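Protein chains in written order, with our numbering: chain P, 136 to 410; chain C, 136 to 410; chain E, 136 to 410.
Following: one structure in C-alpha cells, then a few remarks.
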C-alpha cells in the first residue's frame, strides 16, 4: 500500500502496565510505517458497552482505510471468536462479544468475518493476551495490505448487544440513561437525534428533563452561555444530549453518575392566541 | 513540505475519553505524514494559566516548523476568537483566551492572526468541540504546507494574562507563588532567572525561603545531594526555582500545593572582618 | 538508515507534566523519522526494580534495531553513569543504577558501554533532567545511525540488582513475592518457568499456594474458566505465575498488593493403589 496506514487502539488496558506498548511493538514489527493512534485505554475493565460507545464516537473522524483494534475482552482464551468487521472505509478487529455493537448500529452494511487464519497470529498464542497475539498482528497485516477476505469466512451470527437506547414511556415522554460521565463531568445521555428528532432541531420545543429530583428545562448551544451553577441540556460533540454545568462538573453537582436514569418530556407547544 | 511535519497537543481533555484520539484522526486525514506528539492532556479543567505554563515549558525542545495545538477553552462556542501565534520557528493554534500568554512572554516578536478561513474547518462546526472542528484541522493544514497568512488577518489586541510573576516586597525580598506540583511532588515556584538573576548564578548568595512556616536555606544542584527528608531549593528543568525533597514529595511533606505563597529573602553578604 | 527507527520510552515520569512530550521533541529534532512508542510512564516514582521488570516484559515484542530509553533515576545529577546496553537486536539507554537488571538476566550476552561522548548531549546539560539532556538525544542519535561504539567505552562493572527471585524453603516449597498488581487487579508473582519448570508444563502437578491466609490450589488456563469469586493461579502473559479472579480484582478480594509474600508447595503425586 502506498499510503501510510493508520491503526487505532481502544481498550480497557489502562496505561499503568506495559500492555499497550507491547501491542505497538508487535504492530511495528509487521507494519513499520503505520501511524498508531490511541483512542482510549480507559474503558472500565470488562465494560463491553462502554468500549462499544467509545469506538463508535471516534472512528468516523479517521481517514478511510484505518484499521481499528477494539479490545474489551473478559472472555479471552475462551471459545469466543476473534472477528474483523468491515464497512469498506473502516475495519475493526475485535473479540466477538458485542464490543462492535454501536458500530453495527451506525453501519448497517458492515461485513463481519471470523478470524481463522492462524498464519497471521503471533506464535505461540497465549490464552491470556489475545490483543498481543491475535488482534494486533491481524490488524497490522490488514494495514500492511493483506486482503481482508484472507482472514477467515464471513459470519452473520455475530454477537450484538442492546446499546441502551431510550424507551418511550408515553406519547411525549421517554426514559433515558446516562451512558457515561466525561472528563469535565458532563453527563452523556443515550438520547440521540434519531430517537427524538424534534429535540435536535435548530428551534427545539420546550422540554422537561428530571434527574435526581432536579428539573432541567434549558437547552444551551454552548457551555459558556449558561449561568454559573446552572444545570442545562446541550447537544454534545458525540451527538448525544448531555447534561452539563458551565465550568463545573454536572456529575458532582447533581450527585449522579454512569447508569443514572432520568425522564424526558416534550411539552406540547403553547397555543398562541391572538387577541 | 518535504520534511515530516510535527504537531503537538496540549489540552485539558484528559485521557479518559475519546477526545484526544478523535483530534488525531482529524489531523491524519489532512496531514497523513505528521508526527503527532502529546505534550500533556492533564492540564486541570479550564485552567488557562496552567496550560500556558505547560506549553511554554516544552515547545522550545521541538524542531523548527512544529505546529502546537493548545486547547484549554472554557469559552468554546462563544465569540472568543481562534488564533494562530507564530514565532517563525514555531506556530501555536489556540483559543484567544490567554493560553498563549507565557509564549508571548518568551517570544516578544510573536505574530498573532485571527483564524477566519472557514474553508480549513471541519464542517459542520460544532459549538462544543472546536479542538476537533477548528484547531486540529487548521493546525494540520498549516503542518501540511498551507501558508500561515491564509488563515486570517493579523491582530494585536489578543488576550494576554498575567503569568503570575513574583512581586518584590522589599529591597531583597520577594513574594512568590507555587505554580504547580509535578509528578514527584516538587513545588515549581514562579521565581525564574530573569526575576532574581543573582539566585541563578554559579555561586548564589545565601537566602531564606519561608513556606508553610518552614524555613528553607539550602540550594542544591541535584536532588540526590540532599539528606533524606531535607527540604531544599533547586533550579529545576523548567528554569524555575523548585522546592524539593530527595526521593520524596515536598508537596506532601510541607503540606502545600498549587497556589501556595512564600517569601524569599536574599541575605546581605556577611562582612568579612580581618582581625 | 533505510528503515524507520523505533524508540521506546519507559519512565516514572507520569503523564501529568510536560516531561514525556519534551523528550519526544528532543528525539524528533535528531531522528525526525522515528516512531516513538510509550511502553509505560507509570513506573512508581524512583522504583528501579519496577522499571526493570516493565522493560523486560515488553522489549522482546519490538522489532530488531529498536532503541529503548529506560529512565527511573533517583540519582540524576550525581556521579552514577549513563549507559547503553546492547544485545545486538535491542539497545537500551539508561542510568547505571540497575534499571536494566531484568534485561541482563534475560540477555547474558549483553554488552554495556559508559556514555561519555558529550557531543551527543543536549547542551547545556542540566543536573535535574538527564532524560531530556542525555538519554533522549543519545538514543535518537543511535536510532538515526550513530555507531554504538562511538558513545563510550565498554564497562563490565555495571550495577545489577537482585530481581526478586523466589527462594526455595524446602524440597517442594518456595517463598515468593508479588512483583506488581496489574490494571485488572491480577497479582503478578515472581515465579517464572525457570524457577519451577514442572508448574509450567501442559499437565502441572497439584500445588498449594498460601497468600493472606487463603489457600489457592486451582490452576486455570484462561481467566474466564474460573467460577465467579474464585481465586486461582494462571500463567500470565508476562511469563510469571499470576493470582487472579475472573472479572474482578484479586488484589482487592485478597486484600494484598505489591510486595506481599506467599508460600507455594507442590504436592507429591498421590499414590495410586490398585486393590
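By construction, the Cβ of each residue, glycine as well, lies at the ideal position given by its N, Cα and C atoms.
Quantities reported herein were computed from a predicted structural model and do not represent experimental measurements.
Chain C contact for residue i (CB, 7 Å cutoff)
i                      : result
residue 179 of chain P : no
residue 189 of chain E : no
residue 163 of chain E : yes
residue 167 of chain E : yes
Expected contact under 8 Å - CB spacing of residue i and residue j to nearest Å
i                      : j                      : result
residue 497 of chain C : residue 237 of chain C : Residue 497 of chain C is absent from the structure shown; chain C starts at 136 and stops at 410.
residue 180 of chain E : residue 355 of chain C : With 8 Å as the limit, residue 180 of chain E and residue 355 of chain C do not qualify as a contact, their Cβ atoms being about 18 Å apart.
residue 358 of chain P : residue 155 of chain C : Residue 358 of chain P to residue 155 of chain C, Cβ: 19 Å. No contact.
residue 334 of chain P : residue 376 of chain P : 7 Å
residue 336 of chain C : residue 289 of chain C : Incorrect: roughly 40 Å between the Cβ atoms, too far for contact.
Neighbour flag for residue i against chain P, beta carbons, 7 Å
i                      : result
residue 359 of chain E : yes
residue 154 of chain E : no
residue 402 of chain C : no
residue 151 of chain C : yes
residue 399 of chain E : no
residue 392 of chain C : no
residue 272 of chain C : no
residue 159 of chain C : yes
residue 382 of chain E : yes
Reduced DSSP category for residue i - H, G, I as helix; E, B as strand; rest coil
i                      : result
residue 150 of chain E : coil
residue 335 of chain P : helix
residue 294 of chain E : coil
residue 359 of chain P : helix
residue 347 of chain E : coil
residue 305 of chain E : strand
residue 166 of chain P : coil
residue 315 of chain P : strand
residue 139 of chain P : coil
residue 282 of chain C : coil
residue 220 of chain E : strand
residue 155 of chain C : helix
residue 161 of chain P : helix
residue 325 of chain P : strand
residue 178 of chain E : coil
Beta carbon proximity, residue i to chain E, threshold 7 Å
i                      : result
residue 317 of chain P : no
residue 172 of chain C : yes
residue 139 of chain C : yes
residue 261 of chain P : yes
residue 202 of chain P : no
residue 237 of chain C : no
residue 221 of chain P : no
Length of the line joining the Cα atoms of residue i and residue j
i                      : j                      : result
residue 299 of chain P : residue 312 of chain P : 8 Å
residue 342 of chain P : residue 386 of chain P : 21 Å
residue 189 of chain C : residue 178 of chain C : 8 Å
residue 118 of chain P : residue 285 of chain P : A query on residue 118 of chain P cannot be resolved here, the shown segment of chain P reaching from 136 to 410 and no further.
residue 249 of chain P : residue 283 of chain P : 11 Å
residue 221 of chain E : residue 244 of chain E : 9 Å
residue 209 of chain C : residue 344 of chain C : 35 Å
residue 321 of chain P : residue 372 of chain C : 36 Å
residue 260 of chain P : residue 291 of chain P : 26 Å
residue 330 of chain C : residue 301 of chain C : 7 Å
residue 230 of chain P : residue 147 of chain P : 13 Å
residue 296 of chain E : residue 184 of chain E : 8 Å
residue 310 of chain C : residue 157 of chain C : 43 Å
residue 153 of chain E : residue 271 of chain E : 15 Å
residue 187 of chain P : residue 391 of chain P : 22 Å
residue 400 of chain C : residue 315 of chain C : 21 Å
residue 351 of chain E : residue 144 of chain E : 36 Å
residue 161 of chain C : residue 197 of chain P : 6 Å
residue 360 of chain E : residue 278 of chain P : 33 Å
residue 275 of chain E : residue 232 of chain C : 36 Å
residue 258 of chain C : residue 268 of chain C : 7 Å
residue 374 of chain E : residue 380 of chain P : 48 Å
residue 328 of chain P : residue 303 of chain P : 14 Å
Partner residues on chain D for residue i, Cβ-Cβ distance less than 8 Å
i                      : result
residue 198 of chain C : Note that chain D does not occur in the displayed structure, where the protein chains are P, C and E.
**Request:** Starting from the N-terminal side, write out each stretch of the alpha helix (DSSP H) that is 4 residues or longer and does not extend beyond the region 375 to 401 of chain E.
**Result:** If only uninterrupted alpha helix (DSSP H) runs of at least 4 residues are considered, those enclosed by the region 375 to 401 of chain E are 385 to 389.
**Inside the region 232 to 276 of chain E only - alpha helix (DSSP H) runs reaching at least 4 residues** = Segments of the alpha helix (DSSP H) lying fully in the region 232 to 276 of chain E: 236 to 241.
**Message:** Restricting to runs no shorter than 3 residues, where is the beta strand (DSSP E) found entirely within the region 180 to 208 of chain E?
**Reply:** Within the region 180 to 208 of chain E, the runs of beta strand (DSSP E) at least 3 residues long that lie entirely inside it are, in chain order, 202 to 206.
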